[in-house]
Every structure is written in structure tokens, then in C-alpha cells.
Amino acid sequence: MTARVQAKSETDTVVRIDGRRERSRSSRARIVAAMLDLIDSGDLTPSAARVAEEAGVGLRTVFRQFDDMDTLYREMSETIAERVMPIVSAPYAGQDWRADVRDLVARRARVFETMLPFRLAANIKRYQSPFLMGQYGQVVALERDLLFRLLPDDVLADRVGREALCVALSFQTWRALRHDQGLDAEEAAAVVAQMVDALIAVAPQ
Numbered sequence: 001m002t003a004r005v006q007a008k009s010e011t012d013t014v015v016r017i018d019g020r021r022e023r024s025r026s027s028r029a030r031i032v033a034a035m036l037d038l039i040d041s042g043d044l045t046p047s048a049a050r051v052a053e054e055a056g057v058g059l060r061t062v063f064r065q066f067d068d069m070d071t072l073y074r075e076m077s078e079t080i081a082e083r084v085m086p087i088v089s090a091p092y093a094g095q096d097w098r099a100d101v102r103d104l105v106a107r108r109a110r111v112f113e114t115m116l117p118f119r120l121a122a123n124i125k126r127y128q129s130p131f132l133m134g135q136y137g138q139v140v141a142l143e144r145d146l147l148f149r150l151l152p153d154d155v156l157a158d159r160v161g162r163e164a165l166c167v168a169l170s171f172q173t174w175r176a177l178r179h180d181q182g183l184d185a186e187e188a189a190a191v192v193a194q195m196v197d198a199l200i201a202v203a204p205q
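The sequence shown lines up with residues 1 to 205 when you count with the numbering used here.
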């Protein structure tokens, strides 16, 4: 084999490999998007067959792309995080801690409403998924930490008061208001704001 023929053969091999990788990445992205779309539309436990149909790929492709469901959940979580982190990480005005906590109320309403179907789906599956169970604990810890960063030391020292704020600002409270009590997002946000205002009104000065 001449050097020119060998070089062409090696180039063709690289092109084929790159092409397969690109198709694999495209299929993977379509599967993740399909899963998110199905959950967002109300199917909290879509089957692999439905995901394949929505993504426009074969069922074998779904199983080949994701050897286990935790891999799929991980990529979905990364996609959702990209949507909400700009809200979560935006700086606070810092006028006083009460104003910042009220700002947090508004942020939580936006974040929880964006994440609502996905967190409901995750809650259904987390007892069968080590990844989702671990992520649940991390998210709860992060939500507590984001609140505690805004509270002055004397408020943090009031364990009952700070834990009451955690409950008022938790996803479980948001889920109860939206689903169990049937409120719309605006009404739910107003209820949380009223609870938080009542709690910070009696907090140490």
C-alpha cells in the first residue's frame, strides 16, 4: 500500500468514526429532549418506547445510549439546571436580610414552577434510583444553604424560626399548594409570600 493510499484510508476511518460519534451525540440529545418534553406535558413516567417515538429513534438506540436510567436522569438534571441556575445564582440587592428573603420567595416560585413536573417525576423514581436519591439530598441541602446565607446570626440561632422558613420555602410546600390544594402558580406564590412575611415579622430584630 502506497503512502498516499494509506493516508486516505486512515482519513476515511477518522471521518467514519467522527460521523458515528456525531450521530451518537445527536441521538443522545434528542432522547434527553424527548424525555423532558414528555414529562413537561404530564407523562411523569414515560416508557422507553414513548421516548423513542418522541425522539424519532429506534427503541434499541434508547437502550444503547443509556445503559441504565441513572445516566438519563443525570443528563436531564444537567439540562434543567442550566435553565434555573441563572435565577438561583443572581446576586441579591442586599438592602436588608428581610428584603433579600422576599426576593428569594419570588425566585423559588419561578424555579419551582419551572421544575415542577420534573421534580414530581424524580420523586416517583428516586427510591429506585441511587442518583436521584443522592440528588434529592443535595438539592434540599442547597435550598437550605441558600436561605441560611441570607439570615443574620441571631435569626439562624432561632432553630424553630429558621426551620419554619425552610418549610415555607420548600418544594414540598410548593407541590402541596399547586397539586393538593389546586392553586395556580400566582396564588401559590402569594401564599408562600404571606407565610414568609409572617415568619420574618416575628424574627429577632
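Glycine included, each C-beta is placed from N, C-alpha and C at the ideal position.
Small disclaimer: the values here were computed from a predicted structure and weren't measured.
Closest Cα partner of residue i within the set the options
i	options	result
VAL105	LEU156, LEU169, PRO91	LEU169
ALA49	ASP40, PHE63, ASP37	PHE63
GLN172	SER47, ARG28, ALA122	ALA122
TRP174	ALA99, ARG102, ALA109	ALA109
LEU147	GLU82, GLU78, VAL196	VAL196
LEU150	PHE118, LEU165, TYR136, VAL160	LEU165
Residue i - containing alpha helix (DSSP H), residue span
i	result
TYR127	Counting along the chain, TYR127 falls outside any alpha helix (DSSP H), and DSSP gives it neither H nor E.
ARG74	69-89
VAL160	159-168
THR45	Looking at the DSSP string, THR45 is not in any alpha helix (DSSP H), and its letter there is neither H nor E.
PHE63	59-65
VAL202	Run containing VAL202: none; DSSP gives neither H nor E here.
Distance cut-off 7 Å: residue i Cβ against heavy atoms of the ligand SAM
i	result
LEU147	Questions concerning the ligand SAM fall outside what the structure shown contains, since it holds no ligand whatsoever.
CB of residue i within 8 Å of CB of residue j, strictly
i	j	result
VAL57	SER27	yes
LEU44	LEU116	no
VAL191	LEU183	yes
ARG280	ALA188	Given that the chain is displayed from residue 1 to residue 205, the structure contains no residue 280 and the question cannot be resolved.
Separation of residue j from residue i, as counted between CA atoms
i	j	result
VAL139	VAL101	18 Å
ILE31	GLN95	45 Å
TYR73	LEU132	7 Å
GLY19	ALA198	Confidence at GLY19 is low in this model, with a pLDDT of 49, below 50, so its placement is unreliable and the value that follows should be read with caution. If I take the Cα positions, the gap works out to 60 Å.
VAL14	ALA29	With a pLDDT of only 47 at VAL14, under 50, the local geometry of the prediction cannot be trusted, and no value is derived from it.
ARG25	ILE39	21 Å
ILE87	SER47	31 Å
ALA201	GLN65	52 Å
PRO130	MET69	10 Å
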